[in-house]
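So the structure is just underneath, and the comments pick up after that.
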Amino acid sequence: MNDKSVSIDRRPWTKRPACCESRDPCIEVRDLSVSYGGKLALRDVTLAIPLGCITAVVGPSGCGKSTFVGTLNRMTDLVDGCRVEGRVELGGHDILNGRTDLIGLRRRVGMIFQNPNPFPLSIRRSLTLPLRRHGVRNRRILDGKVEGILRRVGLWDEVKDRLDHPALDLSGGQQQRLCLARALVLEPQVLLLDEPCSALDPIAGGVVEDLILSLRGRYTVVIVTHNLAQARRVADDVAVFWVRAGAGAMIEHGPVESVFDAPRSEWTAAYVQGVHG
Amino acid sequence: MPDPSVSPLPSLSEHRVDWPDRAVASLVWLVALLVTGSLLWIVGDLARHGAPELSWSFLTDSPRDAGRAGGILPVVVSTLMILGICLAVSLPMDVGTAIFLAEFTRTGGLLAHFVRRSLDVLAGVPSIVFGLFGNAFFSIYLGMGFSILSGGLTLACMVLPILIRSTEEGFRSVPDEYRKAAAALGLSQPATLWQILLPVATPGLVVGLILGVGRALAETAALLFTSGYVARMPSSVLDSGRTLSIHIYDLAMNVPGGESNAYTTALVLITLLLMINVLTFWIADRWLHRGITHR
Ligand SMILES: Nc1ncnc2c1ncn2[C@@H]1O[C@H](COP(=O)(O)OP(=O)(O)OP(=O)(O)O)[C@@H](O)[C@H]1O
Ligand SMILES: [Mg+2]
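Next up, the structure:
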């Protein structure tokens, strides 16, 4: 067990800003295995996700990327018959532990999904509902936070005149930014993004991607993406997942340029070159 | 070379009539007209026979001469009381059971399966059976006698299956994305249910409610055994009371010369039903928009 201790790459990287220089782990995953109804979907994943960095999870369809990020905020609990084994440590606490406060966990670890999923509420209520539920009641503070977070995601000028209109009237890209705002307004430490741009057109996707880049340093980000160019643009670290012996596994993990330019595994090499493995 | 086994592309200038297409379209229109037509005919017939006797005093007087003369105020009051009790009891149980079936036991489980089957069976049980049950259980065993309370509770048992299945459908139609988004934001289950799922599930609830109210207002058999048919003004829910449907039945079948007042009462009943439907839609609409307008 100990020989698999989490190794943290400390090579400095030119593009990396000081904020994620320290490479202190934010989340440490050890021997994580997940099965659905007895069928193994993810086997023995061990990696450290550095604080304030952006870690991209890439790999072919069905290799367990969504499953992996789902364990980090225990969304896997919603799936009947899903069993998770191993350890996922956040701030020294094993969140897979049965006594974990799920509401607190999900406040610390926000999540964005592939398809924008705003609630059938007004734009304002989409943001105040989670805030109220987490104890913010003062109207002035709420209004201030709504404006602040909408500015943060670049939505304020587009929606300031229709805050009380349905969020579902927004365009797909705006909806996704609203979802990002909804997650960020709770001031999480970690943000999980499961293919956040793949349902958007390239321009809207580019806006969201820029936003994600702006999160570096302030949040620890884990982003699942099918777009290797995107992974290269935004990520500090890359984890490559693959299906091996019928279950997903992590076959490579490290700083983005070493994974892309000097992959250790032949599958990774083929994958990053776009060769069908 | 075009493939000879495929007929050549038709010319665009040559308009051809697709007869099967037309026939189906006409049939659908015909059926729709028939349905609306018969509804209008019934309402028209009621209005023609009932409207002449309809007056303000008909609504505010007590029946006299076994209902041949006078009004129907106590009957309207009893009807509304019975309906009120029925809804006050069945709505919370409806929402609770539907949430249990749709949200807590999504994938099944023995209990959920059993509950669902029982509801389907109950939904098909003739109302007279509910009447016998209500009489034995509420009126005699629980000692409520022939009373508005006993009738209201019996009706609640009767409409619950319809209400629950329809509300459950409402909850099932809520996209899973909302549940995932709510969970990912750390919203508690009660908050998720109340703030997000219930408003989205409301249309299902409304359909059930309108069917249920319709069935309750139409009921006679189950109420003859439970709330009775005393036409006096009730002074409490423990008094016996006569509903509009029973009044119509009584006037039409047991009171010679009561037909015209039977028609007028039927007109009142239909109007009441329409009013309740409109009100239900209005409230549901406000409730649905609460999420949008409320800050
Ligand atoms: N709810 C579920 N029930 C049963 N099996 C599941 C469930 N979700 C995922 N799986 C299985 O787990 C494996 C990994 O799925 P996962 O969704 O994590 O893959 P992915 O890498 O995110 O794929 P994609 O790129 O297509 O999103 C797959 O074999 C899938 O069939
Ligand atoms: Mg996925």
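Residue numbers (our numbering), protein chains in the order written: chain E, 7 to 283; chain A, 2 to 296. Yeah, the Cβ is synthetic: ideal placement off N, Cα and C, and Gly gets one too.
Pairwise C-alpha distance: T106 (chain E) and A268 (chain E): 39 Å
Contact under 8 Å by Cβ, F266 (chain E) with C69 (chain E): No. Outside cutoff.
Taking S140 (chain A) as the reference, which of A:A223, A:L270 and A:N262 has the closest Cα? A:A223
Please report the straight-line C-alpha distance between E153 (chain E) and R138 (chain E), rounded to a whole angstrom. 16 Å
For I100 (chain A), would you say it is in contact with chain E, using Cβ-to-Cβ distances shorter than 8 Å as the test? At least 8 Å separates the CB of I100 (chain A) from every CB of chain E.
Can the beta-carbon of L199 (chain E) be found closer than 8 Å to that of I118 (chain E)? yes
Does the beta-carbon of A47 (chain E), which I'm using as the reference point, lie nearer than 7 Å to any heavy atom of ligand 1? yes
Taking only beta-carbon atoms, is C79 (chain E) less than 8 Å away from chain A? A small fix is needed here, since residue 79 (chain E) is Asn in this sequence, not Cys. For N79 (chain E), the answer is yes, since a Cβ of chain A falls inside 8 Å of its Cβ.
Same chain only: Cβ atoms within 6 Å of R168 (chain E), ignoring 5 sequence neighbours per side: Once the five neighbours on either side are set aside, R168 (chain E) has no close Cβ partner at all.
Residues of chain A with CB closer than 7 Å to the CB of I109 (chain E), please, in chain order. G187 and S189
In chain order, what residues of the same chain have a beta carbon less than 6 Å from the beta carbon of Y225 (chain E), not counting five sequence neighbours either side? Taking Y225 (chain E) as the centre and dropping the five residues before and after it, the same chain places the C-beta of L197 closer than 6 Å to its C-beta, in chain order.
Quick check: G57 (chain E) and C32 (chain E), are their CB atoms within less than 8 Å of each other? Checking the sequence shown, residue 57 (chain E) turns out to be Leu, not Gly. For L57 (chain E) and C32 (chain E), yes; Cβs fall inside 8 Å.
With 16 as the cutoff for other CB atoms within 10 Å, does D19 (chain A) come out buried or exposed? exposed
Three-state secondary structure (DSSP) at V40 (chain E)? When secondary structure is reduced to three states using DSSP, V40 (chain E) falls in the strand class.
Would you kindly work out how many angstroms separate the C-alpha atoms of S271 (chain E) and L46 (chain E), rounded to a whole number? 23 Å
Rounded to whole angstroms, what is the Cα-Cα separation between R16 (chain E) and S204 (chain E)? Residue placement at R16 (chain E) is flagged as unreliable, the pLDDT there being 36, under the threshold of 50; a coordinate-derived value is accordingly withheld.
Could you tell me how far apart the beta carbons of G242 (chain A) and G68 (chain A) are, in whole angstroms, since I believe they sit closer than 8 Å? Contact doesn't hold; Cβ gap of about 14 Å is too wide.
Given that F119 (chain E) touches chain A, what residues does it touch there, using C-beta distances under 9 Å? E178, K181, A182 and A185
Per-residue burial, S39 (chain A) [other beta carbons within 10 Å of its own, 16 or more giving buried]: exposed
With a threshold of 8 Å between beta carbons, is N8 (chain E) in contact with chain A? Reliability fails at N8 (chain E), whose pLDDT of 39 lies under 50, so the model's placement of it is uncertain and the value that follows must be treated cautiously. Not one chain A Cβ lies under 8 Å of N8 (chain E).
In whole angstroms, give me the CA-to-CA distance for A245 (chain E) and L186 (chain E). The C-alpha of A245 (chain E) lies about 23 Å from the C-alpha of L186 (chain E).
Please report the straight-line C-alpha distance between L337 (chain A) and G45 (chain A), rounded to a whole angstrom. Because chain A spans 2 through 296 in this model, residue 337 (chain A) falls outside it and cannot be assessed.
Terminal residues of the continuous beta strand (DSSP E) containing V90 (chain E)? C88 to L96
Over the uninterrupted beta strand (DSSP E) stretch that includes I257 (chain E), give me the two end residues. DSSP places I257 (chain E) in the uninterrupted beta strand (DSSP E) bounded by A253 to P261.
Does R296 (chain A) come out as helix, strand or coil in the three-state DSSP assignment? At R296 (chain A), the pLDDT of 46 sits below 50, so the modelled position is not reliable; the number obtained from the coordinates is stated separately. In this structure, R296 (chain A) counts as coil in the three-state DSSP scheme.
Check whether the stretch 199-218 of chain A touches the stretch 136-152 of chain A, counting contact only when three or more Cβ pairs, one atom from each stretch, lie closer than 8 Å. no
Closer than 8 Å to chain E by CB, A217 (chain A): no
Compute the minimum distance between the beta carbon of C4 (chain E) and the heavy atoms of ligand 1, and state whether it is under 7 Å. Any question about residue 4 (chain E) goes unanswered here, given that chain E covers just 7 to 283.
With a cut-off of 8 Å, does the C-beta of F125 (chain E) fall near any C-beta of chain A? F125 (chain E) counts as touching chain A.
Buried/exposed call for G179 (chain E), threshold 16 Cβ in 10 Å: buried
When Cβ atoms are compared, which residues of the stretch 192-218 of chain A fall closer than 8 Å to chain D? Absent here is chain D; the protein component of the structure consists of chains E and A.
On the three-pair Cβ rule with 8 Å, is the stretch 92-100 of chain A touching the stretch 165-180 of chain A? yes
In the structure shown, what three-state DSSP assignment does N278 (chain A) receive? helix
Could you tell me whether the Cβ atoms of L156 (chain E) and L186 (chain A) are closer together than 8 Å? no
In whole angstroms, what is the alpha-carbon distance linking G135 (chain A) and E54 (chain A)? Cα to Cα, G135 (chain A) sits roughly 35 Å from E54 (chain A).
How many angstroms separate the CA atom of G146 (chain A) from the CA atom of R145 (chain E)? Going by the C-alpha atoms only, they are around 54 Å apart.
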